[in-house]
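Engineer:
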Amino acid sequence: MLNAPVEFPSLEDEVVFLRALMSVHRMADVILEDCLERGLDLDSGLDVFLTQCARLVHAPAGFVSLRGTRGPVVTRVLGEPGVDVQQAAFWQGIRKLDDGRTLFCTRLALGSLELGGLGLVAEGRFEDGGRMVMKLVEAIGEQLDTAVLGFLALTGGKSALERLDGLAADTPPPSRGHIGRYEVVTPLGTGGMAQVLVARTRGPEGLGRMVALKRILPHLSSDPSVVEQFLDEARIGLRLAHPNLVHVYDFGEAEGAYFIAMELVRGVDLERLIRAVRGPLEPAHAVAVVCQGLMGLQAAHSLLGEDGAPLELVHRDMSPHNLMVGFDGRVKVLDFGVAKARAQRTVTLPGIVKGKPLYMSPEQARGMKLDARSDLFSMGLILYQALTGVRAFEKPDELATMHAICDEALPSRPSHISRSLWSVLRTALAKRPEARFGSAEEMAERLADACRPASDSELVQLMLKHFPDRNREFERLERSPPAGPLGSADETPIMRPVRLKTPG
Numbered sequence: 001m002l003n004a005p006v007e008f009p010s011l012e013d014e015v016v017f018l019r020a021l022m023s024v025h026r027m028a029d030v031i032l033e034d035c036l037e038r039g040l041d042l043d044s045g046l047d048v049f050l051t052q053c054a055r056l057v058h059a060p061a062g063f064v065s066l067r068g069t070r071g072p073v074v075t076r077v078l079g080e081p082g083v084d085v086q087q088a089a090f091w092q093g094i095r096k097l098d099d100g101r102t103l104f105c106t107r108l109a110l111g112s113l114e115l116g117g118l119g120l121v122a123e124g125r126f127e128d129g130g131r132m133v134m135k136l137v138e139a140i141g142e143q144l145d146t147a148v149l150g151f152l153a154l155t156g157g158k159s160a161l162e163r164l165d166g167l168a169a170d171t172p173p174p175s176r177g178h179i180g181r182y183e184v185v186t187p188l189g190t191g192g193m194a195q196v197l198v199a200r201t202r203g204p205e206g207l208g209r210m211v212a213l214k215r216i217l218p219h220l221s222s223d224p225s226v227v228e229q230f231l232d233e234a235r236i237g238l239r240l241a242h243p244n245l246v247h248v249y250d251f252g253e254a255e256g257a258y259f260i261a262m263e264l265v266r267g268v269d270l271e272r273l274i275r276a277v278r279g280p281l282e283p284a285h286a287v288a289v290v291c292q293g294l295m296g297l298q299a300a301h302s303l304l305g306e307d308g309a310p311l312e313l314v315h316r317d318m319s320p321h322n323l324m325v326g327f328d329g330r331v332k333v334l335d336f337g338v339a340k341a342r343a344q345r346t347v348t349l350p351g352i353v354k355g356k357p358l359y360m361s362p363e364q365a366r367g368m369k370l371d372a373r374s375d376l377f378s379m380g381l382i383l384y385q386a387l388t389g390v391r392a393f394e395k396p397d398e399l400a401t402m403h404a405i406c407d408e409a410l411p412s413r414p415s416h417i418s419r420s421l422w423s424v425l426r427t428a429l430a431k432r433p434e435a436r437f438g439s440a441e442e443m444a445e446r447l448a449d450a451c452r453p454a455s456d457s458e459l460v461q462l463m464l465k466h467f468p469d470r471n472r473e474f475e476r477l478e479r480s481p482p483a484g485p486l487g488s489a490d491e492t493p494i495m496r497p498v499r500l501k502t503p504g
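The end of the sequence shown is residue 504 by the UniProt record's numbering, with every number in the run present.
Structure, rendered in structure tokens:
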């Protein structure tokens with residue numbers, strides 16, 4: 001139960017709050033059941049739970065940290081919380097962060113048993129000072145600690161904390177979890193519709209390549225519209241083939257769970273890279289990332305159907321989150337063709353302002369028919385952010401941002417950006433589609449003429465400088481030992497401490 005009664009300004013607000021609370025309860029039950037049925041580890045369930053609960057309060061960042069008798073054993077981090085997660089796991093209540101965001105923290109406990117902490121970072125204004133959001137975060141924490149204890153009890157162990165201690169081994173043992181012929185290794189990230197897991201192919205010849213295994217979230221797997229969109233993504237992905245697009249290997253269904261097996265991109269998204277640099281990227285680095293992304297878009301935009309007719313694909317959701325920069329210097333475009341129905345399953349709580357459409361084209365903001373030139377406008381906004389460290393048309397609320405995208409002129413040229421490079425930006429960000437570049441390839445060529453793109457090896461050095469731990473984590477996953485035969489009757493689920501941050 002909540003620590004104190006909640007007073008609602010209206011019956012409508014109370015109904016919205018209770019619906020959100022019911023969603024949390026249902027989701028926790030479904031996630032727990034899914035993990036136990038499929039032999040997945042606790043970190044897989046935490047990954048889904050954290051991301052979906054963050055969406056309820058429109059939180060772009062957050063964390064869950066579980067502690068055993070000797071300290072932290074499992075930590076899942078969403079986005080960039082902007083705090084020391086292990087320290088914040090002991091906090092309780094509302095804290096204003098230096099960057100203007102608000103952190104809502106609650107302790108995970110049952111009676112005198114301290115399990116860790118949960119925190120969600122929200123942006124925007126709160127009419128009630130965030131009190132209602134805090135109550136929902138407390139309720140989320142109470143549901144989570146109950147689910148964690150249930151998982152530990154059902155998977156065995158001398159006691160709950162001793163069971164948690166088993167997660168802290170220096171060399172984590174493999175998981176027995178599997179989906180179809182894929183052996184699950186660890187969760188990689190969760191979005192609004194699906195979770196991505198690191199997995200290995202497994203067949204008669206033994207273990208094969210490491211892949212990113214995307215599966216519909218358990219509480220959405222019975223939604224026909226979600227399944228149809230997921231299958232559309234798979235069909236499109238199997239037809240796309242380009243070094244700057246994520247390659248799809250396989251898709252199918254296993255025990256009622258739809259999945260897509262795709263290339264595992266060993267890297268981070270451009271949003272995280274910009275945050276890590278703490279300011280603008282060097283022009284050569286920014287141009288290299290965007291040029292590679294544009295070449296991936298060109299391949300997708302020009303894709304033909306089986307009948308030879310153009311498919312006229314439009315990404316619709318290009319953002320720094322959907323440009324992955326690899327430790328090999330290669331940039332990949334993610335999530336082609338899945339943006340239309342994404343992220344429409346959140347509850348708008350009273351007193352919180354929703355997220356902003358920061359990378360829309362003017363025609364998309366107006367609800368008009370889109371073509372490939374809409375993606376080029378989005379890439380122009382991405383390039384602007386990479387070169388300046390700020391977003392071109394960001395305003396305090398969604399409506400103002402959309403008006404700025406449609407009507408406001410581009411800000412003045414910063415002195416550190418050359419005139420030739422600025423000219424490319426101005427063309428890409430033209431309000432009328434016909435005034436932009438005719439294709440992604442044309443934009444990439446003009447961009448490369450305006451500024452020499454950094455080489456792949458230069459991007460590698462940039463990535464290794466800012467993300468050495470992330471690179472070592474991928475190397476550790478590659479070396480992790482295989483599990484025993486799938487489906488062994490005497491196999492006990494074993495969990496691992498996973499510290500990978502989930503992409504936003």
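Heads up, the beta-carbon is just placed ideally off N, CA and C, and yes, glycines get one too.
Between which residues of its own chain and F393 is the CB-CB distance below 8 Å, once the five residues before and five after are set aside?
Structural biologist: Same-chain partners within the cutoff: L358, L381, T401, A404, I405 and E408.
Engineer: Mind checking H219: buried by the 16 CB within 10 Å criterion, or exposed?
Structural biologist: Buried.
Engineer: Do you know whose CA, among V57, D375 and R70, lies nearest G119's CA?
Structural biologist: Among V57, D375 and R70, the Cα nearest to that of G119 is on V57.
Engineer: Compute the Euclidean distance between the alpha carbons of F259 and A234, then round it to the nearest angstrom.
Structural biologist: Taking the straight line from one Cα to the other gives about 9 Å.
Engineer: Measuring CB atoms only, is the stretch 320–333 touching the stretch 227–246, in the sense that at least three cross pairs come out at less than 8 Å?
Structural biologist: The stretch 320–333 vs the stretch 227–246: in contact.
Engineer: Specify, as a first and last residue, the run of the alpha helix (DSSP H) that T69 falls within.
Structural biologist: From DSSP, T69 is part of no alpha helix (DSSP H); its letter is neither H nor E.
Engineer: How far does the beta strand (DSSP E) with residue 522 in it reach, from first residue to last?
Structural biologist: The requested residue 522 is not part of the displayed model; the chain covers only 1 to 504.
Engineer: In its own chain, which residues sit with a C-beta less than 6 Å from the C-beta of K340, not counting the 5 before and 5 after it?
Structural biologist: Note that K340 scores 37 on pLDDT, short of 50, meaning its location in the model is unreliable; the coordinates nonetheless yield the value given after this. For K340, where only same-chain residues beyond five positions count, there are no Cβ hits under 6 Å.
Engineer: My output table needs one value for D99: the three-state DSSP class, helix, strand or coil.
Structural biologist: Coil at D99, not helix or strand.
Engineer: Which residues in the same chain have their Cβ closer than 8 Å to the Cβ of T502, if we skip the five residues on either side of it in sequence?
Structural biologist: Bear in mind that a pLDDT of 36 at T502, under 50, signals an unreliable position, so the number given afterwards is only what the model happens to contain. Excluding positions up to five away in sequence, the list reads D47, L50, T51, R76, V77, L78, G79, P187, L188, G189 and T190.
Engineer: With C-beta atoms as the reference, is G39 less than 7 Å away from G129?
Structural biologist: No, these two residues do not count as a Cβ contact at 7 Å.
Engineer: Ordered along the chain, which non-local residues of its own chain (more than five positions away) have a Cβ less than 6 Å from that of K431?
Structural biologist: Excluding positions up to five away in sequence, the list reads P362.
Engineer: Contact between the stretch 140–147 and the stretch 103–123 is defined here as three or more beta-carbon pairs at a separation below 8 Å; is this criterion met?
Structural biologist: Yes, the stretch 140–147 is in contact with the stretch 103–123.
Engineer: Excluding the 5 residues preceding and the 5 following L18 in the sequence, name in chain order all residues of the same chain whose CB lies nearer than 7 Å to its CB.
Structural biologist: Taken in chain order, the list of residues that qualify is empty.
Engineer: How big is the Cα-Cα spacing for E445 and L313?
Structural biologist: Each residue's alpha carbon lies about 21 Å from the other.
Engineer: Which residues does DSSP pair with Y258 in a beta bridge?
Structural biologist: Looking at the DSSP assignment, Y258 forms a beta bridge with E253.
Engineer: Can you tell me which of V133, V121, R67 and D99 puts its alpha carbon nearest to the alpha carbon of L113?
Structural biologist: Considering only alpha carbons, the answer is R67.
Engineer: Could you spell out the range, first to last residue, of the alpha helix (DSSP H) harbouring G279?
Structural biologist: Here G279 belongs to no alpha helix (DSSP H), and DSSP marks it neither H nor E.
Engineer: Evaluate the contact criterion for the stretch 463–474 versus the stretch 282–300: three or more CB pairs, one atom per stretch, below 8 Å.
Structural biologist: Because the criterion of three Cβ pairs below 8 Å is not met, the stretch 463–474 and the stretch 282–300 do not touch.
Engineer: With distances taken Cα to Cα, identify the nearest neighbour of G429 among I417, D375 and A386.
Structural biologist: Correcting the residue type first, residue 429 is Leu in the shown sequence and not Gly. Cα-wise, what sits closest to L429 is D375.
Engineer: Could you name the residues that DSSP lists as bridge partners for R76?
Structural biologist: R76 pairs with V64.
Engineer: Near V64, which residues of its chain fall below 6 Å by C-beta distance, leaving aside the five closest residues on each side in sequence?
Structural biologist: Taken in chain order, the residues that qualify are L46, L50, R76 and L118.
Engineer: Taking P243 as part of the beta strand (DSSP E), name the residues at either end of that continuous run.
Structural biologist: Neither: P243 is in no beta strand (DSSP E) and is coded neither H nor E.
Engineer: Assuming contact is defined by CB atoms lying nearer than 7 Å, are Q292 and A440 in contact in what I supplied?
Structural biologist: Result no, Cβ atoms of Q292 and A440 do not sit closer than 7 Å.
Engineer: Assign V74 to one of two classes, buried (16 or more other C-beta atoms within 10 Å of its C-beta) or exposed (fewer than that).
Structural biologist: With 16 or more other Cβ atoms within 10 Å, it is buried.
Engineer: Within 10 Å of its beta-carbon, does G326 have 16 or more other beta-carbons around it, so buried, or fewer, so exposed?
Structural biologist: Buried, by the Cβ-count rule.
Engineer: Using only CA atoms, which one of R215, L323 and P60 lies nearest to G124?
Structural biologist: When only C-alpha atoms are compared, the closest one is P60.
Engineer: Is it true that the CB of V85 sits closer than 7 Å to the CB of L103?
Structural biologist: Not a contact, by the Cβ cut-off of 7 Å.
Engineer: Report yes if the CB atom of H315 is closer than 7 Å to the CB atom of E271, and no otherwise.
Structural biologist: No; because the gap between Cβ atoms is not below 7 Å, this pair is not in contact.
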